[in-house]
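Just remember that my numbering sits 244 ahead of the position in the sequence shown, which is counted from 1. For each residue, glycine too, the CB sits at the ideal point set by N, CA and C. Reading through the structure tokens given below for one structure.
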Amino acid sequence: NGDMTGSTGIERVEETLEAARDAFDDNLFLYETPLGDWLPSSVYRFEGFFEGFRVMHQVGVAGKKIYTGGDCDHCHMYGLVNVAAFLAQAMKETIRYDACDENSWDRVGDLLMYPLSNACGQLGQSYQDYHCSEEEAHMECVVDPEMTITAVTHAKWYGAPGPLKCGPKSLYPQTGYWDYAYECNNPWAIPPETCTEYEGQQAGKAINDVPYPNAAGRTDIEGCCWWGRGVIQTSGICNFGKLNFYLGKRAFLEGRESRYPDIDFCRDPEAICTSEEHEELKWIAGFFYWVDQVQPYNQGGWSYMDELHKFVENGLEGEEFINSVSGIVNRGCHNPPCGTGELDGGPERAENFFKILKELEFSFVNVYVTPQPTSLPPSPPPSLSPITLAPVALPTEVSFVCGDQTDPVATSEGVDVTFDYEVHSDLDTKMREALRDVKESILSDIAVNLGCYEVPSASG
Numbered sequence: 245n246g247d248m249t250g251s252t253g254i255e256r257v258e259e260t261l262e263a264a265r266d267a268f269d270d271n272l273f274l275y276e277t278p279l280g281d282w283l284p285s286s287v288y289r290f291e292g293f294f295e296g297f298r299v300m301h302q303v304g305v306a307g308k309k310i311y312t313g314g315d316c317d318h319c320h321m322y323g324l325v326n327v328a329a330f331l332a333q334a335m336k337e338t339i340r341y342d343a344c345d346e347n348s349w350d351r352v353g354d355l356l357m358y359p360l361s362n363a364c365g366q367l368g369q370s371y372q373d374y375h376c377s378e379e380e381a382h383m384e385c386v387v388d389p390e391m392t393i394t395a396v397t398h399a400k401w402y403g404a405p406g407p408l409k410c411g412p413k414s415l416y417p418q419t420g421y422w423d424y425a426y427e428c429n430n431p432w433a434i435p436p437e438t439c440t441e442y443e444g445q446q447a448g449k450a451i452n453d454v455p456y457p458n459a460a461g462r463t464d465i466e467g468c469c470w471w472g473r474g475v476i477q478t479s480g481i482c483n484f485g486k487l488n489f490y491l492g493k494r495a496f497l498e499g500r501e502s503r504y505p506d507i508d509f510c511r512d513p514e515a516i517c518t519s520e521e522h523e524e525l526k527w528i529a530g531f532f533y534w535v536d537q538v539q540p541y542n543q544g545g546w547s548y549m550d551e552l553h554k555f556v557e558n559g560l561e562g563e564e565f566i567n568s569v570s571g572i573v574n575r576g577c578h579n580p581p582c583g584t585g586e587l588d589g590g591p592e593r594a595e596n597f598f599k600i601l602k603e604l605e606f607s608f609v610n611v612y613v614t615p616q617p618t619s620l621p622p623s624p625p626p627s628l629s630p631i632t633l634a635p636v637a638l639p640t641e642v643s644f645v646c647g648d649q650t651d652p653v654a655t656s657e658g659v660d661v662t663f664d665y666e667v668h669s670d671l672d673t674k675m676r677e678a679l680r681d682v683k684e685s686i687l688s689d690i691a692v693n694l695g696c697y698e699v700p701s702a703s704g
């Protein structure tokens, strides 16, 4: 995987990611076919990911950059775990579907069909009403009721709903539902029918005979162009507005530095998915969400950055960290349910996380952390009475069997044996007890090296 001797910090992070390029493209960035096979994604490739990553740690957005650790010997591991947590979500949210645009997936109503107005929002949401805070309200996009957009990606299973679309009521006076069971490929019908909604369609049809509301009651798609796009499904007029304010055409027009001066994310949010010149956009949209919402998360006594460091320093073990991160991404809190429901796909997100770490472990090192000083309570005044410590009985002799004889280790023959020991002791452990354990361990190791084994004492 390449020689990374001597590199630390962001250099080590980049070297590690580049060394794992093939693993990302062949083993991690996979999508599930309708037949249940897993194939390399055609939408999400390492090249676009790595370019987006470099933009977000070198330039960032509004002073916010992707966290890459630091310059200590193990600090690159903080950065790699941060990236792994991000990608674990992306693999669940979009990569496994090979989709950049949000799929229509919310079945509602008496017929349990897919409303065409799912473009406006699913699970009762309204994306065009995702406003910024009062302090950031000036950044958000203005909803244009005349805007007309059709998504470029969609689900691919048999009868899957077509791509989301938005447009004015003058074009779409009312919206019905997608009938996933409709047999559209019927050459014997009069007139003959074919499946024309999207390439590769085998079944299904948009039925607009009567209005069919989505979970929020919408029966139109006017102003509904703000569905999720990119690797973590950036959605809503606030998020697209921020991208435009900091990275897009608005930044350029208002005299600020702009990475994409020709792209107006408010007039063309679909550029995230359609741009061939800037394939990293679908990643940058997700990274922006990460640096804006996940990295600074600190609620209810749970800090993302603190828990990230703890996870690395405690040996990269356990699912508590990644499950909490998944809760933030999927439900808005680290301990769902929190008003928005149960965590969706928690085990899959955790499995993704540890798959990524497995591919990156060639770069991991042992972590030695110097404990931070803590303020201790003032010591009590010295006692006027002497403190008597109860004696601790230490074994004076340990017997071992060497061959057919039973002899104490301490014999007249001299044997020089060198061992290295580290003593790890809880604060509550008495030092004499710790030393007793060390003595027993040393004697046992010497005996083993001499080919002897311990004889249990008569006292048990």
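Asked	Found
Cα-Cα separation, A529 to P412	26 Å
Any 3 or more C-beta pairs closer than 8 Å across the segment 501 to 509 and the segment 456 to 469	no
In chain order, each alpha helix (DSSP H) run of at least 4 residues that lies wholly inside the segment 516 to 553	525 to 533
Counterpart residues of T397 in DSSP-defined beta bridges	BP columns for T397 are empty, so no partner.
Nearest-angstrom Cα separation, counted from Y275 out to Y341	5 Å
Rounded separation between V352 and Y358 - CA only	7 Å
Distance CB(L331)-CB(I600) smaller than 8 Å	yes
Cβ contact (3+ pairs, closer than 8 Å) linking the segment 379 to 391 and the segment 433 to 451	no
Contacts around E523, its chain only, beta-carbon distance under 6 Å, and the 5 residues preceding and following it disregarded	G292
DSSP-derived helix/strand/coil call for E276	strand
Presumed contact (8 Å Cβ cut-off) between D345 and H398, rounded CB distance	7 Å
Spatial distance of F565 from A594 (CA atoms)	9 Å
Runs of alpha helix (DSSP H) wholly within the segment 448 to 515 (minimum 4 residues, chain order)	480 to 490 and 493 to 497
Integer Cβ distance of Y371 from W471, believed to fall under 8 Å	6 Å
Counted within 10 angstroms of its Cβ, other Cβ atoms place Q445 as buried (16 or more) or exposed	buried
Where L671 sits in the DSSP three-state scheme	Any reading at L671 must be qualified, since the residue scores a pLDDT of 42, below 50, and its modelled position is unreliable; the value itself is stated next. Three-state result, L671: coil.
Of the listed residues E563, G589 and N579, nearest to V325 (C-alpha basis)	E563
Pick from N558, E259, G253 and Y288 that is closest to T518, judged by C-alpha positions	Y288
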